[in-house]
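S.K.: Residues 647 to 864 in our numbering are what the sequence shown spells out, letter by letter. Positions of the beta carbon are idealized from the N, C-alpha and C atoms, including for glycine. Quick one: the structure is below, and I'll ask about it shortly.
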Amino acid sequence: MVEISTSILSVLKGQEAKTFFALEKAKTDYFHIDVMDGKFVEKNTYKKMFEYASYIKRISNIPLDVHLMVQDVKKAIDEFSTLEPNIITFHFEACKDDKEVEEYINLIKTYNSRIGISVKPETEIEKIYKFLPYIHNVLVMTVEPGKGGQTLLIDMVEKIKKLKKYIDENNLEIDIEADGGINLTTAPKVKEAGVNILVAGTAILIAKDYKTIIDELR
Ligand code: DX5
Ligand code: ZN
Numbered sequence: 647m648v649e650i651s652t653s654i655l656s657v658l659k660g661q662e663a664k665t666f667f668a669l670e671k672a673k674t675d676y677f678h679i680d681v682m683d684g685k686f687v688e689k690n691t692y693k694k695m696f697e698y699a700s701y702i703k704r705i706s707n708i709p710l711d712v713h714l715m716v717q718d719v720k721k722a723i724d725e726f727s728t729l730e731p732n733i734i735t736f737h738f739e740a741c742k743d744d745k746e747v748e749e750y751i752n753l754i755k756t757y758n759s760r761i762g763i764s765v766k767p768e769t770e771i772e773k774i775y776k777f778l779p780y781i782h783n784v785l786v787m788t789v790e791p792g793k794g795g796q797t798l799l800i801d802m803v804e805k806i807k808k809l810k811k812y813i814d815e816n817n818l819e820i821d822i823e824a825d826g827g828i829n830l831t832t833a834p835k836v837k838e839a840g841v842n843i844l845v846a847g848t849a850i851l852i853a854k855d856y857k858t859i860i861d862e863l864r
């Protein structure tokens, strides 16, 4: 059974509280918080996502799955850790070298969150193999990070299969999370490839009934 992490990036203005309560009722497994700084990616959602995540924390016990699409990873880890997220994920591509990756892994460890590393579509998955024994979650971007509503890049299915094979061969206990363009058509493909957490934004937020779509994605 896969878990569903609903991205709140595309929540409609003025509908935020209503949407968060409805998603809580629909029993999404996580709220996926897409933090963008306007540098690592074009959009800047930093302040808005902090406010939304703080609000969700107040009204719900559903865990936060924070996806940091930022250059200043340390600052974002320190700030978003105040919300005690279940998972904090930073981008491999935001790190200047392997030493910096290890630094962020250790920093997140001090905050008792699960540690995630995300890779953009063009990053070879082998690049993060060496960190796998020290993290809990790999967030495989199935679209170019930066916005919602894009189409899943089908080559990413092979990438997920390769990662799953490596994890199994090395007896590692790691979640594989797919993020971007996930819907009822693409979900089976990434599940079959080995994903156990699906991030979906548009597919869920446009549905008339959140519980139905979340159960169907599961
Ligand atoms: C893109 C974000 C994704 C995106 C998912 O940069 O990381 O989480 O919001 O949204 P959909 O499901 O609409 O592709
Ligand atoms: Zn995301």
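Is the beta carbon of residue 698 sitting closer than 8 Å to the one on residue 662?
M.R.: Along the sequence shown, one-based indexing puts residue 698 at 52. Along the sequence shown, one-based indexing puts residue 662 at 16. Result yes, Cβ atoms of residue 698 and residue 662 sit closer than 8 Å.
S.K.: The beta strand (DSSP E) with residue 753 in it runs from where to where?
M.R.: Counting from 1 along the sequence shown, the entry for residue 753 is found at position 107. For residue 753, no beta strand (DSSP E) segment is defined; the enclosing uninterrupted segment is the alpha helix (DSSP H) at 744-756.
S.K.: In angstroms with no decimal places, state the Cα-to-Cα distance between residue 748 and residue 783.
M.R.: The residue labelled residue 748 in the question sits at position 102 within the sequence shown. The residue labelled residue 783 in the question sits at position 137 within the sequence shown. Their Cα atoms are separated by approximately 15 Å.
S.K.: With 16 other CB atoms within 10 Å as the buried threshold, where does residue 779 fall?
M.R.: What you label residue 779 is simply residue 133 of the sequence shown in a count that begins at 1. Around the beta carbon of residue 779, fewer than 16 other beta carbons sit within 10 angstroms, so the residue counts as exposed.
S.K.: Below 8 Å, can you find three or more Cβ-Cβ pairs linking the region 813-825 to the region 850-859?
M.R.: As far as the Cβ criterion goes, the region 813-825 does not touch the region 850-859, which means the pair count is below three.
S.K.: With a threshold of 7 Å (Cβ to nearest heavy atom), would residue 793 be considered close to ligand 1?
M.R.: Reading the sequence shown from its first residue, position 147 is the one you call residue 793. Within the chosen limit of 7 Å, ligand 1 reaches the beta carbon of residue 793 through at least one heavy atom.
S.K.: Comparing alpha-carbon positions, which option in 786, 833, 848 lies nearest residue 647?
M.R.: Walking along the sequence shown from the start, residue 647 turns up at place 1. The shortest Cα separation from residue 647 among 786, 833, 848 belongs to 833.
S.K.: Beta carbon of residue 845: closer than 7 Å to some heavy atom of ligand 2?
M.R.: Your numbering for residue 845 matches position 199 in the sequence shown. Yes; taking the cut-off as 7 Å, the Cβ of residue 845 has a heavy atom of ligand 2 nearer than that.
S.K.: Counting only runs that start and end within the region 665-723, where is the beta strand (DSSP E) found for 3 or more residues in a row?
M.R.: If we require 3 residues or more, the beta strand (DSSP E) runs fully inside the region 665-723 come out as 676-682, 710-715.
S.K.: Could you spell out where the beta strand (DSSP E) holding residue 655 opens and where it closes?
M.R.: For the purposes of this step, residue 655 is taken as residue 9 along the sequence shown, with counting starting at 1. Here residue 655 belongs to no beta strand (DSSP E), and DSSP marks it neither H nor E.
S.K.: What residues does ligand 2 have around it, judged by CB closer than 5 Å to any heavy atom, in chain order?
M.R.: 680, 713, 825
S.K.: Would residue 737 and residue 845 qualify as a contact pair, given that the criterion is a beta-carbon distance under 8 Å?
M.R.: What you label residue 737 is simply residue 91 of the sequence shown in a count that begins at 1. What you label residue 845 is simply residue 199 of the sequence shown in a count that begins at 1. Their beta carbons are not under 8 Å apart, which means residue 737 does not touch residue 845 by this criterion.
S.K.: Quick one: what does DSSP say residue 844 is sitting in, helix, strand or coil?
M.R.: As a position in the sequence shown, residue 844 is number 198, starting the count at 1. Residue 844: strand per DSSP, three-state reduction.
S.K.: Starting from residue 858, follow the alpha helix (DSSP H) in both directions and report where the run begins and ends.
M.R.: On the sequence shown, position 212 is the one that residue 858 refers to. 856-863 is the span of the alpha helix (DSSP H), which, as asked, contains residue 858.
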